[in-house]
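Student: What the sequence shown shows, in my numbering, is residues -13 to 109, in sequence order.
Heads up, the beta-carbon is just placed ideally off N, CA and C, and yes, glycines get one too.
Quick one: the structure is below, and I'll ask about it shortly.
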Amino acid sequence: MTRKVFLSNFTDWTTPSNSQLVQDLKQYFQQKELPTSIGRDAPLNRPKDALFAGLMHIHIGDFNEVTYQYYRTSDDWIIYASGLYTDSVLLIDVLSPNAHSRAEQMDLMNQYIKLADEFRNKL
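Structural data, given as structure tokens:
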């Protein structure tokens, strides 16, 4: 079964750089291939509601293809949520630059949590 990828209206996914990221993420999620633009994939642990909402983040950048995915880190992220009952993901936002510090902004995180909750409750 192919994993479905949905796009939020939170960001403009049609810009050339974002459009390429969407293609790379579809390759990653649907074909289980690791493009050189995709890095570490991990849950968002703070705030706790982000973890409960299934929020995840993927480090993005121009990585060396021989580097293990875990070691591909950057200060630029894609924020996404996994479906609760379906094999689907919602790409929420490109958090760049300064992703680590911006992830500490509670207003922004609460917006992501709301989108993730709505997505998980819908699918």
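To which residues does DSSP link S68 through a beta bridge?
Tutor: S68 is bridged to V75.
Student: Buried or exposed: where does F15 fall if 16 or more other Cβ atoms within 10 Å of its Cβ makes it buried?
Tutor: Buried is the call here.
Student: May I ask you to list the residues that DSSP assigns as paired with L11?
Tutor: Answer by DSSP bridge pairing: none, since L11 is not bridged.
Student: Helix, strand or coil for K(-10)? Go by DSSP, reduced to three states.
Tutor: K(-10) falls in the strand class under three-state DSSP.
Student: Taking DSSP as the reference, what is the three-state secondary structure of R26?
Tutor: If DSSP states are grouped into helix, strand and coil, R26 belongs with the strands.
Student: Quick one: what does DSSP say L101 is sitting in, helix, strand or coil?
Tutor: The answer is helix: DSSP assigns L101 an H, G or I state.
Student: Taking the alpha-carbon of D35 as reference, which of F105, I44, I99 and N107 has the nearest alpha-carbon?
Tutor: Comparing Cα-Cα distances from D35 to each of F105, I44, I99 and N107, the minimum goes to I99.
Student: Please work out which residues of its chain come closer than 8 angstroms, Cβ to Cβ, to S23, disregarding the five sequence neighbours upstream and downstream, and give them in chain order.
Tutor: Only Q6, L7, D10, I46, G47, D48 and F49 meet the Cβ criterion.
Student: From the DSSP output, which residues share a beta bridge with H43?
Tutor: In the DSSP output, where bridge partners are listed per residue, H43 has A28 and I65.
Student: How should M92 be labelled, buried or exposed, when 16 other C-beta atoms within 10 angstroms of its C-beta is the threshold for buried?
Tutor: Its Cβ having fewer than 16 others within 10 Å, M92 is exposed.
Student: For V80 and Y66, which I take to be in contact (beta-carbon distance under 8 angstroms), what is that distance rounded to the nearest angstrom?
Tutor: So it is not a contact: roughly 10 angstroms between Cβ atoms.
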